[in-house]
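Enquirer: Have a look at the structure that comes next, please.
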Amino acid sequence: MAADSDSDSLDAALLARAARGEAAAARLLTARRAPRLLALATRMLNDPAEAEDVTQEAFLRLWRAAEDLAQGPAPIGAWLHRVAANLCLDRLRRRRGVALDDVAAPADPGPGALERLAAADRAAALRAALAALPDRQRAAVCLRHFDDRSNPEIAQALGVSVEAVESLLARGRRALAAALAGHREDAA
Amino acid sequence: MDLARFRALAGAWGGDIARWPEASRAAARLTARAPEAAAALAGAAALDAALADLDAAPGPAPSAALLAACARDAVAAADARRSAARRARRPMAALLAAAAVAGLALGLSGALDAALAPQEAARDAEASLAAEAMLAAPDALAALFGEAT
Chain A
1 MAADSDSDSL DAALLARAAR GEAAAARLLT ARRAPRLLAL ATRMLNDPAE AEDVTQEAFL
61 RLWRAAEDLA QGPAPIGAWL HRVAANLCLD RLRRRRGVAL DDVAAPADPG PGALERLAAA
121 DRAAALRAAL AALPDRQRAA VCLRHFDDRS NPEIAQALGV SVEAVESLLA RGRRALAAAL
181 AGHREDAA
Chain B
1001 MDLARFRALA GAWGGDIARW PEASRAAARL TARAPEAAAA LAGAAALDAA LADLDAAPGP
1061 APSAALLAAC ARDAVAAADA RRSAARRARR PMAALLAAAA VAGLALGLSG ALDAALAPQE
1121 AARDAEASLA AEAMLAAPDA LAALFGEAT
């Protein structure tokens, strides 16, 4: 908690200096916070170039909102994360030809399958499985697991009902679990 | 809650019942006591954990180009903010200048009034005396207009 608080304070100090036009402070704050945004945006959009664009746009909004943020209690990292997630959602909405039911539901691999995967393999398999998900399923999974949004918040962000979110999450998570189980079987 | 519904909820919302839709939580906690339900919950929690590990992993380092672009944007935003502040101050400065000019004009006007006041008062007094004199001497008035009284 204290480390978080220190980190937030450092962010705030860097932002104050960046808001005065100090390029070095802006560069340092970007270096501190961009990796997490890039990871989120890459997972949500499945496109590294778009993820860079989203990250730059999120920081641009940060610079423009610097004075307002300086007076508010919101930690800058969390603020940036939420802005980046929303920018990703905007891009996903603009994409054409995305259907809710475009991937058949895979079989449930059953409990215990994931634990047998080595951590590195598991991460690689998860990244690949996430990338293979349809946009809306991937968005629902990312908002739930990487942006810590509540069920109604996810529904609102995606413009669907909570029941539809449940369906998206169920199919997305089932696909992830199945991909991980398949990876395990390949490795065996 | 039957086991099929419990499994569906666990599959969608994960292994933490506290994060399931509120309306289903109480019944789900009761169902979770069954071994099959507990197993479904553990499977969902394992996927949650794998996703949490992925989220905790360090993200890619930003490229030099991205760092430079963000720094440029920050400087540009600061410049824009300063320009906007100058623009916002400009009407205020003009207003203050106008007020100063108006104040000066009023002051000058007042000073002029004050300077002229004695002369005007004197003129008024002379006119008043002349009028009184004319009224007091109607013959003089008739003489002035060449009329016989």
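These protein sequences, in sequence, are chains A and B.
Here my numbering is used: position 21 in the first sequence is 21, and no number is missing along the way.
Here my numbering is used: position 23 in the second sequence is 1023, and no number is missing along the way.
Built from N, CA and C at the ideal position, the CB exists for glycine as well.
Closest Cβ-Cβ distance between ASP1055 (chain B) and chain A: below 7 Å?
Expert: True, the Cβ-Cβ gap to chain A drops below 7 Å.
Enquirer: Could you please tell me which residues of the region 68 to 89 of chain A, in chain order, have their CB closer than 7 Å to any CB of chain B?
Expert: For the region 68 to 89 of chain A, which is checked against every Cβ of chain B, not one residue is closer than 7 Å.
Enquirer: Could you tell me which of A:ALA179, A:ARG122, A:ALA170 sits nearest to ALA1049 (chain B), measuring between CA atoms?
Expert: Measuring from the Cα of ALA1049 (chain B), the nearest candidate turns out to be A:ARG122.
Enquirer: If you drop the 5 nearest sequence neighbours on each side, which residues of the same chain put their C-beta closer than 6 Å to that of ALA34 (chain A)?
Expert: These residues qualify, in order along the chain: THR55.
Enquirer: Kindly say whether PRO1021 (chain B), judged by its beta-carbon, lies nearer than 7 Å to any beta-carbon of chain A.
Expert: Chain A, which has a Cβ nearer than 7 Å to the Cβ of PRO1021 (chain B), makes this yes.
Enquirer: Between which two residues does the alpha helix (DSSP H) holding SER1024 (chain B) run?
Expert: Its alpha helix (DSSP H) spans residues 1022 to 1031.
Enquirer: Distance, Cα to Cα, ALA170 (chain A) vs SER150 (chain A)?
Expert: Rounded to the nearest angstrom, the two C-alpha atoms are 15 Å apart.
Enquirer: Check SER150 (chain A) in the structure and name its three-state DSSP category.
Expert: Coil.
Enquirer: Name the two residues that bound the continuous alpha helix (DSSP H) containing ILE1017 (chain B).
Expert: Here ILE1017 (chain B) belongs to no alpha helix (DSSP H), and DSSP marks it neither H nor E.
Enquirer: Pull up the distance between the alpha-carbon of ALA1077 (chain B) and that of GLU1036 (chain B), whole angstroms please.
Expert: Between ALA1077 (chain B) and GLU1036 (chain B), the C-alpha separation is close to 57 Å.
Enquirer: Measure the alpha-carbon distance for LEU89 (chain A) versus ARG43 (chain A) and round it to whole angstroms.
Expert: If I take the Cα positions, the gap works out to 12 Å.
Enquirer: Closer than 7 Å, CB to CB, is PRO134 (chain A) near chain B or not?
Expert: False, the Cβ-Cβ gap to chain B never drops below 7 Å.
Enquirer: Looking at ARG173 (chain A): is its Cβ nearer than 7 Å to the Cβ of LEU1047 (chain B)?
Expert: Result yes, Cβ atoms of ARG173 (chain A) and LEU1047 (chain B) sit closer than 7 Å.
Enquirer: With a threshold of 7 Å between beta-carbons, can ARG149 (chain A) be considered close to chain B, or not?
Expert: Output row for ARG149 (chain A): interface = no.
Enquirer: Of all Cβ atoms in chain B, is any one closer than 7 Å to the Cβ of GLU166 (chain A)?
Expert: It does; some Cβ of chain B falls within 7 Å.
Enquirer: Using 8 Å as the cut-off, can you tell me whether the region 69 to 80 of chain A makes contact with the region 23 to 40 of chain A, which would need three or more C-beta pairs spanning the two stretches below that distance?
Expert: With the cut-off at 8 Å, the region 69 to 80 of chain A and the region 23 to 40 of chain A touch.
Enquirer: Where LEU1095 (chain B) and ARG1082 (chain B) are concerned, what is the direct C-alpha to C-alpha distance, given to the nearest angstrom?
Expert: Distance between the alpha carbons of LEU1095 (chain B) and ARG1082 (chain B): 20 Å.
Enquirer: Would you say VAL1101 (chain B) faces chain A, with C-beta separation under 7 Å as the test?
Expert: No, VAL1101 (chain B) lies away from the interface with chain A (no Cβ there is under 7 Å from its Cβ).
Enquirer: Given a threshold of 16 other Cβ atoms within 10 Å of its Cβ, counted over all protein chains shown, does VAL83 (chain A) qualify as buried or as exposed?
Expert: Label assigned to VAL83 (chain A): buried.
Enquirer: If LEU126 (chain A) and LEU176 (chain A) are in contact, beta carbons under 8 Å, what's the gap, nearest whole angstrom?
Expert: The Cβ separation is near 6 Å, so the contact holds.
Enquirer: My understanding is that GLY1015 (chain B) touches ALA1042 (chain B), with C-beta atoms under 8 Å, so please give their C-beta distance in whole angstroms.
Expert: About 7 Å separates the two Cβ atoms, so the contact holds.
Enquirer: Any beta carbon of chain A sitting closer than 7 Å to that of GLY1015 (chain B)?
Expert: No - not a single Cβ of chain A is within 7 Å of the one on GLY1015 (chain B).
Enquirer: Quick one, are the C-beta atoms of ALA1074 (chain B) and ALA18 (chain A) less than 7 Å apart?
Expert: A contact, by the Cβ cut-off of 7 Å.
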